Ligand code: ATP
Ligand code: MG
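In the working numbering, the protein residues as written are 5 to 445.
What follows is the structure, encoded as structure tokens:
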């Protein structure tokens, strides 16, 4: 049998890695500017953590988790998201007593047993950010600003077009004061229109009627387009909070659209929720999603401490920037891969020069030059061809005769030029080659 990766689990080939690394670097840069501290939480947690946090009747916990009993008969789950684990960490280590705001971020894989398709994997990466502090719409605005900074900040040559690529959608889900009333009204509306709903939604209206608002099924969308809206049921406090957030967004110059039917798949959200969508991604167009979860920490046995967070799906984000097999993106990933090609490819003609070649390559690496050496005894032509295939920018040729005359040949493969470099000793040669590569000569 041919060995294959598990369905929905993807390898990152070098050409994939450069894309993801590029985006992760950008996210990490912005997180640090906003004073977020990077943390790491385990990939595996007790199943109970997710049942208690995400909610027993959510799609994620009912259908999507990878859960199993381990050798000690303990139920464990591969994390489907990071928020619950971060809350557990906060409680377990008593971090909630530290000065506020507490701002954390983590980057790593999440696991959900969903049907794999474009932008939907079973192992996918998230860049996840969480803030724990007093309830404050200005802090929310800051979190939204950060999400957009990460996604929209200049990517070298394509900065302007990026700006139009992403749109922020905003909603409020109300609080334990006002949401139950809305839930009731929505439930009776959905019951009246049950025949128009898909089978999944028919089954979940009692358990989780708000989730129906999020169903992608055409019939459900039709029904939902006439449904009552949460905005009509908000209590005074929630209304005022939402208004203040919108004001803050306005003075920050952040554009958004209100989507009163936006909901999230997890139970713990209250008040502000949001998504950032990318144009051209098809059905899976949400690259970033999040919201407030003021009571989660308390429900998990911690103090009452409001919180807000979001997660960016790395693979979807990458498709929105770099495109995929079907569609060209804004940035060509080849331009990133090029940056990783060897700066120097060292060829020595004749065995006696191996020693010098090895020492020279080591000296150049220590100076910061990405250097590849060929140890194969092939013809010069074959070696040059190989240098080209590897994308090397320069070639250094050590020939026996020239070496005796204290000379080497330096070729610039991109400019198709070549010159001789004379030298005193290996140290001197390394120094001169370094300067040639940097263009200082
Ligand atoms: P969706 O409605 O697309 O299933 P979700 O509401 O389940 O998303 P969240 O739990 O809020 O998603 O996760 C935040 C982000 O993580 C999503 O916006 C998406 O970019 C990414 N994401 C979620 N599930 C997957 C998946 N199975 N494969 C790839 N990325 C995912
Ligand atoms: Mg989902």
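Even for Gly, the Cβ is constructed at its ideal location relative to N, Cα and C. Keep in mind the model is a prediction, meaning the values are calculated, not measured.
*Which runs of the beta strand (DSSP E) spanning at least 3 residues fall entirely within the segment 315-367, listed in chain order?*
348-353, all fully within the segment 315-367.
*Straight-line gap, residue 30 to residue 190 (C-alpha atoms, nearest Å)*: Residue numbering aside, residue 30 sits at position 26 when the chain shown is read from its first letter. Residue numbering aside, residue 190 sits at position 186 when the chain shown is read from its first letter. If you take the alpha carbons of residue 30 and residue 190, they lie about 41 Å apart.
*Between which two residues does the alpha helix (DSSP H) carrying residue 390 extend?*
Within the chain shown, the letter at position 386 stands for residue 390. 384-393 is the span of the alpha helix (DSSP H), which, as asked, contains residue 390.
*Nearest CA to the CA of residue 332: which residue from 108, 323, 22?*
Taking the first residue of the chain shown as position 1, residue 332 is located at position 328. Sorting 108, 323, 22 by C-alpha distance to the C-alpha of residue 332 places 323 at the top.
*Taking 7 Å as the cut-off, does the CB of residue 269 come closer than this to any heavy atom belonging to the ligand MG?*
Walking along the chain shown from the start, residue 269 turns up at place 265. Within the chosen limit of 7 Å, the ligand MG reaches the beta carbon of residue 269 through at least one heavy atom.
*Taking 8 Å as the cut-off, decide whether the C-beta atoms of residue 4 and residue 68 are in contact.*
The displayed coordinates of the chain run from 5 to 445. Any statement about residue 4 would go beyond what the structure contains.
*asked:* One question on the structure: do residue 290 and residue 312 come within less than 8 Å of each other, judged by their Cβ atoms?
replied: To locate residue 290, count along the chain shown from 1; it is residue 286. To locate residue 312, count along the chain shown from 1; it is residue 308. No. Outside cutoff.
*Buried or exposed for residue 381, please, with buried defined as at least 16 other CB atoms from any protein chain shown within 10 angstroms of its CB.*
One-based indexing of the chain shown puts residue 381 at position 377. Classification of residue 381: exposed, given that the 10 Å Cβ count is below 16.
_Using only CA atoms, which one of 408, 137, 249, 265 lies nearest to residue 3?_
For the chain, the structure presents residues 5 to 445; residue 3 sits outside this window and is missing.
_Cβ-heavy atom distance, residue 399 to the ligand ATP, below 7 Å_ = Locating residue 399 in the chain shown gives position 395, counting from the first residue. Flag unset: Cβ of residue 399 not near the ligand ATP.
*asked:* Can you look up residue 117 in the DSSP assignment and give me helix, strand or coil?
replied: As a first step, residue 117 is located in the chain shown; it is residue number 113 there, counting from the start. Looking at residue 117 - three-state DSSP - the assignment turns out to be coil, as it is neither helix nor strand.
*Just curious, the beta strand (DSSP E) that residue 79 is in, first and last residue?*
Translated into the one-based positions of the chain shown, residue 79 becomes position 75. Where residue 79 is concerned, the enclosing beta strand (DSSP E) stretches over 79-82.
*So what does DSSP say about residue 124, is it helix, strand or coil?*
Locating residue 124 in the chain shown gives position 120, where the first residue counts as 1. Strand at residue 124.
*To the nearest angstrom, how far is it from the Cα of residue 182 to the Cα of residue 98?*
The residue you call residue 182 lines up with position 178 of the chain shown. The residue you call residue 98 lines up with position 94 of the chain shown. Approximately 32 Å, taken between the alpha carbons.
*Is residue 292 near the ligand ATP, with its Cβ less than 7 Å from a heavy atom?*
Within the chain shown, residue 292 is the residue found at index 288, counting from 1. Yes, since a heavy atom of the ligand ATP falls inside the 7 Å radius drawn around the Cβ of residue 292.
*For the segment 43-116, which segments carrying the beta strand (DSSP E) assignment without a break, of at least 3 residues, lie completely within its bounds, in sequence order?*
Within the segment 43-116, the beta strand (DSSP E) runs of at least 3 residues that lie entirely inside it are, in chain order, 48-50, 70-73, 79-82, 106-115.
*Measuring from the CB of residue 144, is there a heavy atom of the ligand ATP at a distance below 7 Å?*
Sequence index remark: in the chain shown, residue 144 carries index 140 (1-based). Not under cutoff, so the answer is no.
*Can we say the segment 375-391 touches the segment 327-341, given the rule of at least three CB pairs closer than 8 Å?*
They do not touch, by the three-pair rule.
*If we ignore side chains and look at the alpha-carbon of each, how far apart do residue 439 and residue 432 end up?*
Translated into positions along the chain shown, residue 439 becomes position 435. Translated into positions along the chain shown, residue 432 becomes position 428. Separation of residue 439 and residue 432 (C-alpha to C-alpha, rounded to the nearest whole angstrom) is 11 Å.
*Apart from the five residues just before and just after residue 104, which ones in its own chain have a Cβ nearer than 6 Å to its Cβ?*
For the purposes of this step, residue 104 is taken as residue 100 along the chain shown, with counting starting at 1. The beta carbon of residue 104 sits closer than 6 Å to the beta carbons of 137 from its chain, once the five residues preceding and following it are set aside; these are given in chain order.
*When you compare only the Cα positions, how much space is there between residue 224 and residue 186?*
Looking up residue 224 in the chain shown gives position 220. Looking up residue 186 in the chain shown gives position 182. Their Cα atoms are separated by approximately 18 Å.
*Could you tell me which of 360, 11, 304, 443 sits nearest to residue 430, measuring between CA atoms?*
By one-based count along the chain shown, residue 430 stands at place 426. Comparing Cα-Cα distances from residue 430 to each of 360, 11, 304, 443, the minimum goes to 360.
*For the candidate residues 233, 123, 49, whose alpha-carbon lies nearest to that of residue 89?*
To locate residue 89, count along the chain shown from 1; it is residue 85. Sorting 233, 123, 49 by C-alpha distance to the C-alpha of residue 89 places 49 at the top.
*With distances taken Cα to Cα, identify the nearest neighbour of residue 52 among 73, 8, 120, 205.*
For the purposes of this step, residue 52 is identified with residue 48 of the chain shown, where counting begins at 1. Closest by alpha carbon: 73.
*Label residue 62 either buried or exposed according to how many other C-beta atoms from any shown protein chain fall within 10 Å of its C-beta, with 16 as the threshold for buried.*
Numbered from 1 along the chain shown, position 58 holds the residue referred to as residue 62. By the neighbour-count rule (16 or more Cβ atoms within 10 Å), residue 62 is buried.
*Return the residue from the list 366, 314, 413 that minimises the CA-CA distance to residue 4.*
The first residue shown for the chain is 5 and the last is 445, placing residue 4 beyond what the model contains.
_What I want to know is whether the C-beta of residue 394 ends up closer than 7 Å to one or more non-hydrogen atoms of the ligand ATP._
For the purposes of this step, residue 394 is identified with residue 390 of the chain shown, where counting begins at 1. For the ligand ATP, not one heavy atom lies less than 7 Å from the Cβ of residue 394.
*Can residue 11 and residue 126 be called in contact, C-beta distance under 8 Å?*
Working through the chain shown from its first residue, we reach residue 11 at position 7. Working through the chain shown from its first residue, we reach residue 126 at position 122. In contact: residue 11 and residue 126 (Cβ atoms closer than 8 Å).
*Give me the Cα-Cα distance between residue 175 and residue 328, rounded to the nearest whole angstrom.*
For the purposes of this step, residue 175 is taken as the residue at position 171 of the chain shown. For the purposes of this step, residue 328 is taken as the residue at position 324 of the chain shown. Looking at the two C-alpha atoms, the distance is approximately 31 Å.
*Could you tell me which residues DSSP pairs with residue 415 in its beta bridges?*
Mapped onto the chain shown, residue 415 falls at position 411. Looking at the DSSP output, residue 415 shares a beta bridge with 399, 422.
*Looking at the unbroken alpha helix (DSSP H) that takes in residue 272, where does it start and where does it end?*
Position 268 of the chain shown, counted from the start, is the residue given in the question as residue 272. Counting along the chain, residue 272 falls outside any alpha helix (DSSP H), and DSSP gives it neither H nor E.
*Grouping DSSP H, G and I as helix and E and B as strand, with all else coil, what is residue 170?*
Here residue 170 refers to the residue found at position 166 when the chain shown is read from its first residue. Note: residue 170 maps to strand in three-state DSSP.
*What does a CB cutoff of less than 6 Å around residue 129 pick up in its chain, not counting 5 residues either side in sequence?*
As a working mapping, residue 129 is identified with position 125 in the chain shown. Leaving aside the five residues that flank residue 129 on each side, the residues in its chain whose CB is nearer than 6 Å to its CB run, in chain order, 113, 318.
_For the structure I just gave you, are there three or more beta carbon pairs, one from the segment 165-175 and one from the segment 189-203, closer than 8 Å?_
Cβ pair count under 8 Å is below three, so no.
*Roughly how many angstroms separate the alpha carbons of residue 269 and residue 437, rounded to a whole number?*
In the chain shown, the residue the question calls residue 269 occupies position 265. In the chain shown, the residue the question calls residue 437 occupies position 433. Near 58 Å, if we compare the C-alpha coordinates of residue 437 and residue 269.
_Please identify the residue among 306, 279, 288 whose C-alpha is closest to the C-alpha of residue 296._
Position 292 of the chain shown, counted from the first residue, corresponds to residue 296. The residue with the shortest Cα to Cα distance from residue 296 is 279.
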